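Notes follow the structure.
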Amino acid sequence: MHAYALEVLSDKLVDGARVLDIGSGSGYLTACMAAMVGDSGKVIGVEHIEDLVKKSVESINKWNENVLSSEKIKIILGDGREGSSENGPYDAIHVGAAASDIPQALIEQLAVNGRMVLPVGPAGGSQEFIQIDKFDKNKISTKNLMGVMYVPLTDKKKQLNK
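According to this note's numbering, the residues represented by the sequence shown are 35 to 196, in order.
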């Protein structure tokens, strides 16, 4: 799915692009996106589990020890459903967990002419991988790409069953 997401977002992952990766996990996809956006691009990874933030940082540093200090990639601890408005707007957004509905906060952080891909649907139920393109502040289009099965986009407490 990572390769497919990169393919769908590829025309937005260009030199100078700003990218948001929700559920950055190991940091692998975040690093791939950083390689695609060139030296002037920026990728923000959001993860709500502190141990995964640390894992992302370790993985990314193994790939390129200078990329985090240059702030080309920034991994932050936070609620992915809220995105990272202070670092946007974004030319591309990838969400790595299924939202029950399309998060409005992420649509608002998507730049005009930007694209978002995300799984949408109930936890454990029928989900669709969706492409959203934003044409102006109030106009988006959605396209169902394929059926998928992802973990739910949730908060730390629910994910860790605490």
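Just so it is clear, CB atoms sit at the ideal spot from N, CA and C, and this is done for glycine as well.
The structure displayed is predicted, hence computed values, not measured ones.
query: Could you tell me whether the Cβ atoms of aspartate 55 and methionine 67 are closer together than 8 Å?; result: yes
query: Below 8 Å, can you find three or more Cβ-Cβ pairs linking the region 140-151 to the region 110-126?; result: yes
query: With DSSP as the reference, please indicate the residues paired to glutamate 99 in a beta bridge.; result: Looking at the DSSP assignment, glutamate 99 forms no beta bridge with any residue, so it has no partner.
query: Say whether the region 152-169 touches the region 100-113, bearing in mind that this needs 3 or more beta-carbon pairs closer than 8 Å, one atom from each stretch.; result: no
query: So for histidine 36, helix, strand or coil by DSSP?; result: helix
query: Return the Cβ separation of valine 42 and leucine 152 in integer angstroms, given the expectation that the two are a contact with Cβ distance under 8 Å.; result: About 11 Å; that fails the 8 Å criterion.
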